[in-house]
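A.B. asks:
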Amino acid sequence: MPDLIIIGGGPAGAAAAVYAARKRLRTIMIVEEWGGQSVVSSDIQNWIGTINISGTELAVSFRKHVEQYAGEFLEIKRGMRATSLHTFNDHVEIELKDGSRLSAHTALITTGATRRKLDVPGAAEFDQKGLTYCASCDGPLFADRDVAVIGGGNAAFETALQLLAYCRTVTLLNRADSFKADAITTTSALAHPHMKAHLNADTLEIMGDTFVNGIRWKDMSAQGGKTGAEHTIAVDGVFVEIGLLPNTAWVGNVVEKNKIGQIIADPRTQQTSHARVWAAGDCTDALYHQNNIAAGDAVKALEDMYIFLRRSEKEA
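Each residue of the sequence shown is one higher than the one before, counting from 10 in the numbering used here.
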């Protein structure tokens with residue numbers, strides 16, 4: 010029986026596969042597609058060791074690096090999707106979309122997440138043409154420009170704080186009547202002289218020509234939430250932070266999740282509530298979600314899994 014099954018082909022899955030093979034753990038890697046969320050980014054400038062790279066190029070580099078280790082200790086199942094997870098005292102089983110099952114002593118879930126998309130006119134048209142879902146990837150491209158952030162949680166305010174370091178102005182639009190972000194983060198952002206924020210702000214349209222040049226929104230507080238004054242502001246960029254949808258529905262209730270479906274993992278080891286299952290990257294309840302963090306968490310998981318497997322061998 011293989012030592013390990015890795016599910017996912019983003020930065021976490023790729024990092025785990027390389028480390029597993031180098032440690033000579035017999036590993037099966039299930040990859041539906043390579044790259045993760047950043048595959049849509051045209052210019053990534055924060056992947057450590059690489060000055061800039063497109064999301065497509067990054068995905069290719071993941072694939073090539075992992076494929077260098079394919080062979081005796083690593084089997085890659087490409088174009089496959091996991092549909093369910095089954096756990097037992099001495100092993101785990103992953104069911105695939107074709108109905109087949111794979112067994113191993115342990116599993117590492119790195120299936121990532123999907124950004125909740127903004128559903129208004131112009132959002133799809135200007136996606137990656139001024140509208141982005143990743144400030145860390147694309148924020149520096151908007152230095153000395155006016156931008157907007159859509160959202161009201163910690164991710165939105167953390168994005169705003171990051172953008173305030175180099176953007177001319179940042180306007181935050183929050184559809185709700187209160188901010189969900191913690192008080193310290195909110196206060197820090199709102200105290201900045203180049204920051205504006207609006208509650209009850211319903212985004213109506215992303216405007217532009219070849220690229221984004223404005224955003225239209227309605228003030229829903231004007232008349233009890235029924236109708237309100239519409240506003241248009243000129244911006245060069247729109248950063249959407251309205252939540253992540255973790256790709257974990259297929260896991261079911263086998264491991265503990267939080268209320269939005271993120272897998273709860275021990276931040277020291279990445280182990281889940283089941284002794285033979287670990288998780289890393291954007292599918293987890295980690296405080297921050299970035300490519301570099303996902304890769305690091307996956308390496309952390311692999312180190313712990315290696316110790317677990319070798320200890321289990323001695324006890325057998």
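Glycine included, each C-beta is placed from N, C-alpha and C at the ideal position.
Please check the pair L150 and A116, which I expect to be a contact at CB under 8 Å, by giving their CB distance rounded to whole angstroms.
C.D. replies: Locating residue 150 in the sequence shown gives position 141, where the first residue counts as 1. Locating residue 116 in the sequence shown gives position 107, where the first residue counts as 1. Not a contact, Cβ separation roughly 38 Å.
A.B. asks: With contact counted as at least three CB pairs below 8 Å, one residue from each stretch, are the stretch 140 to 158 and the stretch 104 to 122 in contact?
C.D. replies: no
A.B. asks: If we count the other Cβ atoms within 10 Å of its Cβ and call it buried at 16 or more, is H74 buried or exposed?
C.D. replies: The count along the sequence shown starts at 1 and reaches residue 74 at position 65. The residue is exposed, with fewer than 16 neighbouring Cβ atoms inside 10 Å.
A.B. asks: Could you check whether the stretch 34 to 49 touches the stretch 83 to 92, counting it as contact only if at least three pairs of C-beta atoms, one from each stretch, sit closer than 8 Å?
C.D. replies: yes
A.B. asks: If you draw a straight line from the C-alpha of G261 to the C-alpha of D294, how long is it?
C.D. replies: As a first step, residue 261 must be located in the sequence shown, where it is residue number 252. As a first step, residue 294 must be located in the sequence shown, where it is residue number 285. Distance between the alpha carbons of G261 and D294: 16 Å.
A.B. asks: Can you tell me whether Y28 is buried or exposed, with buried defined as 16 or more other CB within 10 angstroms of its CB?
C.D. replies: As a first step, residue 28 must be located in the sequence shown, where it is residue number 19. Buried is the call here.
A.B. asks: Could you please give the first and the last residue of the uninterrupted alpha helix (DSSP H) stretch that includes M314?
C.D. replies: For the purposes of this step, residue 314 is identified with residue 305 of the sequence shown, where counting begins at 1. Element bounds for M314: 300 to 324.
A.B. asks: For H207 and S51, I'd like the C-alpha separation in whole angstroms.
C.D. replies: Taking the sequence shown and counting its residues from 1, one reaches residue 207 at position 198. Taking the sequence shown and counting its residues from 1, one reaches residue 51 at position 42. So the two alpha carbons sit approximately 30 Å from each other.
A.B. asks: When DSSP labels each residue in this structure, what does W287 get in the three-state scheme?
C.D. replies: One-based indexing of the sequence shown puts residue 287 at position 278. It is a strand residue.
A.B. asks: How far does the alpha helix (DSSP H) with R72 in it reach, from first residue to last?
C.D. replies: Counting from 1 along the sequence shown, the entry for residue 72 is found at position 63. Note, R72: alpha helix (DSSP H), 64 to 76.
A.B. asks: Could you check the C-alpha separation between L172 and V179 for me, to the nearest Å?
C.D. replies: Position 163 of the sequence shown, counting from 1, holds the residue named residue 172. Position 170 of the sequence shown, counting from 1, holds the residue named residue 179. Straight-line Cα distance between these residues: approximately 7 Å.
A.B. asks: Pick from G131, R225, I159: whose alpha carbon is nearest that of Y142?
C.D. replies: Within the sequence shown, residue 142 is the residue found at index 133, counting from 1. Of G131, R225, I159, the residue nearest in Cα terms is I159.
A.B. asks: Would you report the Cα separation of F166 and A157, rounded to the nearest angstrom?
C.D. replies: By one-based count along the sequence shown, residue 166 stands at place 157. By one-based count along the sequence shown, residue 157 stands at place 148. Approximately 11 Å, taken between the alpha carbons.
A.B. asks: By how many angstroms is the C-alpha of K106 removed from the C-alpha of S112?
C.D. replies: Here the question's residue 112 lines up with position 103 in the sequence shown. Here the question's residue 106 lines up with position 97 in the sequence shown. Whole-angstrom Cα-Cα distance: 15 Å.
A.B. asks: Spell out a yes or no on whether the stretch 189 to 199 and the stretch 217 to 228 are touching, meaning 3 or more CB-CB pairs, one atom from each, closer than 8 Å.
C.D. replies: no
A.B. asks: For the beta strand (DSSP E) containing V179, name the first residue and the last one.
C.D. replies: Locating residue 179 in the sequence shown gives position 170, where the first residue counts as 1. Taken as a continuous stretch (DSSP letters only), the beta strand (DSSP E) holding V179 covers 178 to 182.
A.B. asks: Here's a check: name, in chain order, each residue in its chain whose Cβ is nearer than 6 Å to the Cβ of A30, leaving out the five neighbours to either side.
C.D. replies: Taking the first residue of the sequence shown as position 1, residue 30 is located at position 21. If we look at A30 and ignore the five residues flanking it on each side, its Cβ neighbours are Y78, F82, L83.
A.B. asks: Taking the beta strand (DSSP E) that V40 belongs to, which residues open and close that run?
C.D. replies: If you number the sequence shown from 1, residue 40 lands on position 31. Looking at the DSSP string, the run of the beta strand (DSSP E) that includes V40 is 36 to 40.
A.B. asks: Only counting the same chain, and skipping five residues up and downstream in sequence, which positions put a Cβ closer than 6 Å to that of T168?
C.D. replies: Residue mapping note: residue 168 aligns to position 159 of the sequence shown, counting from 1. Excluding sequence neighbours, T168 sits near A144, V158, F248, E250.
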